[in-house]
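Engineer: Take the sequence shown: its letters are residues 10 to 471, numbered as in my numbering.
Here it is: the structure, laid out below.
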Amino acid sequence: MSTQPAFPSFPEGFVFGAATAAYQIEGAATEDGRGPSIWDVYSRTPGRTFRGHTGDIACDHYHRYADDVRLLKELGVDSYRFSIAWPRIQPDGSGPVNPAGLDFYDRLVDELLAAGIEPAVTLYHWDLPQSLEDRGGWRIRETAELFGEYSGIMARRLGDRVPRWITLNEPWCSAFLGYSVGRHAPGAQQGTPALAAAHHLLVGHGHAVSALRAEGVREVGITLNPDWNVPATDSDADLAAVVRADTQHNLVWTDPLFAGRYPATETETWGELIERQDFRQDGDLELIGQPLDFVGVNYYRPTMVTEAPHREPDPALRTASDNRYAEVPYTGVRHTAMNWPVVPETFTQLLVAMKERYGDALPPVHITENGTAEHDTVAADGQIHDTDRVQYLADHLGALRAAMDAGVDVRGYYVWSLLDNYEWALGYAKRFGIIRVDYETQERTPKDSYHWYRGLIEAHRP
Ligand code: IFM
């Protein structure tokens with residue numbers, strides 16, 4: 010019999026949770042008046058996703074949400090983080106509200122509350138209504154304003170029952186994977202427009218904060234996915250490459266949010282692409298930098314970077330992700346099914362570094378995602394003995410505890426993910442769940458990691 014890793018211990022009141030996102034689990038892509046999102050269009054475009062996988066059915070959570078809430082209840086979590094699909098609420102991204110869309114989230118929230126679980130809502134987890142993309146998407150300011158309106162609609166409907174609100178999930182992915190790398194919807198590969206998108210996402214966050222505050226909701230925050238960039242060598246060139254990587258991944262968000270400024274290293278990072286700043290307006294930094302109750306941090310792995318030449322020498326053709334650095338393999342450690350290096354102590358280092366940079370301006374932290382995709386198999390006993398995932402979770406929770414001991418104010422942890430689900434461009438090939446989903450039958454099977462996490466939560470019950 011294999012021994013299970015010991016449970017790290019957390020203070021009383023620490024929130025244990027699990028997380029998902031709408032497009033990754035809901036399915037029912039054309040049901041009850043939902044409009045198309047950029048992910049519907051992108052995933053249906055040949056060659057964009059693994060074997061053409063789409064979120065059309067996903068985990069069929071739209072119909073099975075009550076069963077999934079039962080699994081959450083058995084897990085014993087304090088809180089469940091899920092996202093709202095904007096195109097279910099406003100099929101065209103603005104204008105009339107779709108009552109059936111609101112009703113679905115109403116039912117989900119009530120089911121959670123009846124199970125004793127606090128809902129934590131993410132307003133935007135990448136599924137922009139396609140009609141807004143057709144008008145310019147996040148490249149234009151109007152999208153940010155409309156995001157504020159939609160946030161107000163949701164707060165008015167659910168604000169009486171949802172205590173924790175997250176405006177955006179990982180805006181780095183929306184701006185850079187979506188508009189410069191092109192590996193996420195809408196699949197654009199651009200320069201300055203991608204930087205405008207990053208800025209408008211922050212402006213949208215600011216409008217959402219104002220709307221949520223106007224409705225008096227309890228806690229408001231944003232979820233970021235800061236990178237821990239490690240230089241490949243200690244050469245000056247590699248250290249400078251880390252500064253550019255940090256600027257693009259981290260400072261572009263955290264400096265405006267927590268220091269009221271744009272990063273001092275942006276010209277060094279983007280050169281000509283950031284010269285024209287007409288997407289910025291007076292008052293934006295004040296809007297963006299409104300006080301938050303928490304910051305959500307999603308963390309999975311470190312990145313090793315080295316200096317590299319521009320891939321595209323002509324600035325007019327260059328994308329915003331072409332910043333003279335490249336990722337190199339992180340050797341000597343285990344890698345997950347995503348080929349991500351497993352280095353738990355970097356989780357501590359990242360959180361401590363954020364605290365050192367922003368001091369008391371850094372709000373309390375919730376880890377809104379952490380977890381791993383592994384090569385799961387169903388054993389002869391019908392179970393999934395995902396020992397690598399259990400070890401990953403134990404080690405990262407231990408690293409989180411070390412950051413707290415070093416003075417970082419962390420209030421909660423949400424495992425990613427409750428269910429195996431649609432991993433974006435990688436389709437259903439990667440399994441992050443602590444519950445296995447058989448996509449043929451939609452059968453759910455809790456994995457060993459689910460049982461381990463339940464034990465951890467149980468061990469913290471007063
Ligand atoms: O599945 C994603 C999630 O949607 C956002 N954060 C990272 C996860 C794993 O890649």
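In this text, a Cβ means the ideal position worked out from N, Cα and C, and glycines have one as well.
Please read these numbers as outputs of a predicted model, since none were measured by experiment.
So, Arg60 versus Tyr51, is the Cβ gap smaller than 8 Å?
Structural biologist: Walking along the sequence shown from the start, residue 60 turns up at place 51. Walking along the sequence shown from the start, residue 51 turns up at place 42. No. Outside cutoff.
Engineer: Consult DSSP for Tyr114 and reduce its assignment to one of helix, strand or coil.
Structural biologist: Your numbering for residue 114 matches position 105 in the sequence shown. In this structure, Tyr114 counts as helix in the three-state DSSP scheme.
Engineer: Cβ-heavy atom distance between Glu438 and ligand 1 below 7 Å?
Structural biologist: For this step, residue 438 is matched to residue 429 along the sequence shown. Sequence inspection shows Ala at residue 438; the Glu mentioned does not correspond to that position. No; taking the cut-off as 7 Å, the Cβ of Ala438 has no heavy atom of ligand 1 nearer than that.
Engineer: Find the nearest neighbour of Thr278 within the set Ala254, Pro172 and Val86, judged by alpha-carbon distance.
Structural biologist: Walking along the sequence shown from the start, residue 278 turns up at place 269. Checking every option, the nearest Cα to that of Thr278 belongs to Ala254.
Engineer: Considering just the uninterrupted stretch of the beta strand (DSSP E) at His375, what are its terminal residues?
Structural biologist: Translated into the one-based positions of the sequence shown, residue 375 becomes position 366. Val374 to Glu378 is the extent of the beta strand (DSSP E) around His375.
Engineer: Classify Asp4 as buried or exposed, calling it buried when 16 or more other Cβ atoms lie within 10 Å of its own Cβ.
Structural biologist: Only positions 10 to 471 of the chain appear in the structure, and residue 4 is not among them; the question remains open.
Engineer: Cβ of Ile175 within 8 Å of Cβ of Gly230?
Structural biologist: Taking the sequence shown and counting its residues from 1, one reaches residue 175 at position 166. Taking the sequence shown and counting its residues from 1, one reaches residue 230 at position 221. Their beta carbons are under 8 Å apart, which means Ile175 touches Gly230 by this criterion.
Engineer: Let me know the secondary structure DSSP gives Arg144 once reduced to three states.
Structural biologist: Residue numbering aside, residue 144 sits at position 135 when the sequence shown is read from its first letter. Three-state result, Arg144: coil.
Engineer: Span of the beta strand (DSSP E) holding Arg129?
Structural biologist: Numbered from its first residue, the sequence shown carries residue 129 at position 120. One detail in the question is off: residue 129 reads as Ala in this sequence, not Arg. Segment Glu127 to Tyr133, the beta strand (DSSP E) holding Ala129.
Engineer: Measuring alpha carbon to alpha carbon, tell me which residue in Ala241, Leu211, Gly36 and Arg222 is nearest Pro265.
Structural biologist: What you label residue 265 is simply residue 256 of the sequence shown in a count that begins at 1. Looking at the Cα atoms, Leu211 is the closest of the given residues.
Engineer: Determine the extent of the beta strand (DSSP E) in which Ser92 is found, giving its start and end residues.
Structural biologist: Within the sequence shown, residue 92 is the residue found at index 83, counting from 1. Ser92 -> beta strand (DSSP E) spans Ser88 to Ser92.
Engineer: Looking at the secondary structure, which residues open and close the beta strand (DSSP E) in which Trp349 lies?
Structural biologist: Counting from one through the sequence shown, the residue named residue 349 turns up at place 340. Note, Trp349: premise wrong, no beta strand (DSSP E); not H, not E.
Engineer: Per DSSP, what are the beta-bridge partners of Ala27 in this structure?
Structural biologist: Start at 1 with the first residue of the sequence shown, and residue 27 comes out as number 18. Note: Ala27 sits in a beta bridge opposite Tyr89 and Val424.
Engineer: Give the DSSP bridge partners of Asp447, in chain order.
Structural biologist: Position 438 of the sequence shown, counted from the start, is the residue given in the question as residue 447. Bridge partners of Asp447: Glu452.
Engineer: Taking the alpha-carbon positions, what's the Gly416 to His469 distance?
Structural biologist: Here residue 416 refers to the residue found at position 407 when the sequence shown is read from its first residue. Here residue 469 refers to the residue found at position 460 when the sequence shown is read from its first residue. Gly416 and His469: Cα-Cα distance of roughly 21 Å.
Engineer: Do Arg440 and Thr454 have their C-beta atoms closer together than 8 Å?
Structural biologist: Along the sequence shown, read from residue 1 onward, the residue named residue 440 stands at position 431. Along the sequence shown, read from residue 1 onward, the residue named residue 454 stands at position 445. Result no, Cβ atoms of Arg440 and Thr454 do not sit closer than 8 Å.
Engineer: Between which two residues does the beta strand (DSSP E) holding Pro311 run?
Structural biologist: Start at 1 with the first residue of the sequence shown, and residue 311 comes out as number 302. Start and end: Pro311 to Glu316.
Engineer: DSSP puts Ala335 in a beta bridge; with which residues?
Structural biologist: Counting from one through the sequence shown, the residue named residue 335 turns up at place 326. Ala335 pairs with Thr315.
Engineer: Going by DSSP, name the residue or residues bridged to Val261.
Structural biologist: For the purposes of this step, residue 261 is identified with residue 252 of the sequence shown, where counting begins at 1. Beta-bridge pairing links Val261 to no other residue.
Engineer: Determine the direct distance from the alpha carbon of Ala37 to that of His405, and round the result to whole angstroms.
Structural biologist: Taking the first residue of the sequence shown as position 1, residue 405 is located at position 396. Taking the first residue of the sequence shown as position 1, residue 37 is located at position 28. When rounded, the distance between both Cα atoms is 34 Å.
Engineer: Could you spell out where the alpha helix (DSSP H) holding Trp461 opens and where it closes?
Structural biologist: Within the sequence shown, the letter at position 452 stands for residue 461. It spans Asp457 to Ala468 - the alpha helix (DSSP H) in which Trp461 sits, taken as one unbroken run.
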